[in-house]
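Visitor: Sharing a structure here in structure tokens format.
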Amino acid sequence: MAPKVNYPQRMCVACRERFEQKFLLRLQCKEQKLSAFSGLGRSFYLCLSCVEDEKRVTRALARACKSGDMKYLSTQLKEIITDVRQS
Ligand SMILES: [Zn+2]
0 MAPKVNYPQR
10 MCVACRERFE
20 QKFLLRLQCK
30 EQKLSAFSGL
40 GRSFYLCLSC
50 VEDEKRVTRA
60 LARACKSGDM
70 KYLSTQLKEI
80 ITDVRQS
């Protein structure tokens, strides 16, 4: 039998499927402010296909951040994605 390689899998909070970390965006929410994960505190993951699905992703963010401010969340997410892609 071929050896099985196990990659750590993380769950996307929007679709609840598991992916390798490289297919996920790691975020955090502190005092209802959404940001890219800074290395400290609690974080959560979104898969790249959910990130493209604005309705689904905003609902998941509202849950993760315990915030009902959908407009802020989706604007903030777009900024984070732009930053991530530039770096
Ligand atoms: Zn997902």
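Heads up, the sequence shown is in numbering that gives the first Met the number 0, so the first residue is 0 and it goes up one at a time. We put the CB at the ideal spot given by N, CA and C, even for glycine.
#1: Suppose you measure from the CA of C49 to the CA of A59; what does that come to, to the nearest Å?
#2: Just verifying my parser: in three-state terms, what is the DSSP assignment at F22?
#3: Whole alpha helix (DSSP H) runs in the region 35-64 with 4 or more residues, listed along the chain?
#4: Quick one, which of Q75, E78, A63 has its alpha-carbon nearest C14's?
#5: Candidates V56, C28, L39: which alpha carbon is nearest V12's?
#6: Short of 7 Å in beta carbon distance, which residues of its chain neighbour Q20, apart from the five on each side in sequence? Order them along the chain.
Guide: Taking the coordinates as given:
#1: 9 Å
#2: helix
#3: 47-50, 53-64
#4: A63
#5: Checking every option, the nearest Cα to that of V12 belongs to V56.
#6: P7, R9
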